[in-house]
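See structure below.
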Amino acid sequence: MMSARVRIGLLRQGKKVPKTPSIFDPMVAMLSPQHVVSCSQYSQGCDGGFEYLVAKYGQDFGIVSDHCFAYESGLRVQENTAVPCEYQCPESQRYFVHDYHYVGGYCGNSSVPQLMEELVTGGPISVGILCTPDFMHYQSGIFKPVEGAERYAKNPFEDTDHAVLLTGYGEENGTKYWEVQ
Numbered sequence: 001m002m003s004a005r006v007r008i009g010l011l012r013q014g015k016k017v018p019k020t021p022s023i024f025d026p027m028v029a030m031l032s033p034q035h036v037v038s039c040s041q042y043s044q045g046c047d048g049g050f051e052y053l054v055a056k057y058g059q060d061f062g063i064v065s066d067h068c069f070a071y072e073s074g075l076r077v078q079e080n081t082a083v084p085c086e087y088q089c090p091e092s093q094r095y096f097v098h099d100y101h102y103v104g105g106y107c108g109n110s111s112v113p114q115l116m117e118e119l120v121t122g123g124p125i126s127v128g129i130l131c132t133p134d135f136m137h138y139q140s141g142i143f144k145p146v147e148g149a150e151r152y153a154k155n156p157f158e159d160t161d162h163a164v165l166l167t168g169y170g171e172e173n174g175t176k177y178w179e180v181q
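The sequence shown begins at 1 in full-length UniProt numbering and counts up one residue at a time.
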């Protein structure tokens with residue numbers, strides 16, 4: 001999976017995306033991950049990217065709704081090519097980000113209590129995580145990586161290989177966990 005395929009649901013919140021007149025309600029419409037993967041100069045398409053730069057792209061260029069540019073998984077298998085930046089929708093269906101920030105003020109400075117507080121006060125948070133190969137086979141429940149499993153880590157800047165949307169947290173039988181999409 002690529003980091004640029006961010007569940008941009010965080011940007012759907014009223015405080016993150018200004019309300020614009022269109023047939024889509026920005027509070028409900030899912031913004032297009034494919035638009036970011038295919039069109040953003042700030043990411044590397046299916047080869048990676050950073051959540052913060054998705055927000056920067058949304059601020060500079062706007063992001064269209066998923067209705068206008070639906071997600072296609074990775075490369076087009078038959079052609080072995082990336083999905084091109086081609087979509088059909090009016091400019092009124094392009095949404096711009098006007099506020100984004102790192103929890104904790106800068107990259108790497110967030111703490112568990114800060115993330116929990118931001119979830120409660122601001123809603124979902126886009127985060128990067130580093131996974132083991134068995135994560136690709138996760139189906140349900142609390143994920144526990146195989147002990148001693150080698151982690152994916154191709155990124156020279158940060159130890160992350162997946163972007164997910166942090167939506168909640170909890171504890172079950174003494175095991176604390178994060179809820180993600």
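Ideal Cβ placement from N, Cα and C applies to all residues, glycine included.
In this structure, the straight-line span from the alpha carbon of phenylalanine 50 to that of glutamine 93 is close to 24 Å.
Here the stretch 118-127 does not lie against the stretch 37-47, with fewer than 3 beta-carbon pairs under 8 Å apart. Here serine 65 has Phe24, Ala29, Met30, Leu31, Ser32, Cys89, Gln93, Tyr95 as same chain residues with Cβ atoms under 8 Å from its own Cβ, once five neighbours each way along the sequence are excluded.
With a cutoff of 8 Å on beta-carbon distance, valine 103 and isoleucine 125 are scored as near each other. Counting along the chain, serine 38 sits inside no beta strand (DSSP E); it lies in the alpha helix (DSSP H) bounded by residues 33-39.
In this structure, the straight-line span from the alpha carbon of cysteine 68 to that of asparagine 173 is close to 43 Å. Relative to the Cα of lysine 176, the nearest Cα in the group Gly141, Ser38, Gly123 belongs to Gly141. Burial check for glycine 105: the Cβ neighbour count within 10 Å stays below 16, so the residue is exposed. At a Cβ-Cβ threshold of 8 Å, glutamine 34 and glutamate 72 count as neighbours.
Look at the stretch 44-119 and you find no whole run of beta strand (DSSP E) that is 3 residues long or longer. The Cβ neighbour count for tyrosine 57, taken over all protein chains shown within 10 Å, is at least 16; the residue is labelled buried.
Rounded to whole angstroms, the gap between the alpha carbons of alanine 70 and glutamate 86 is 11 Å.
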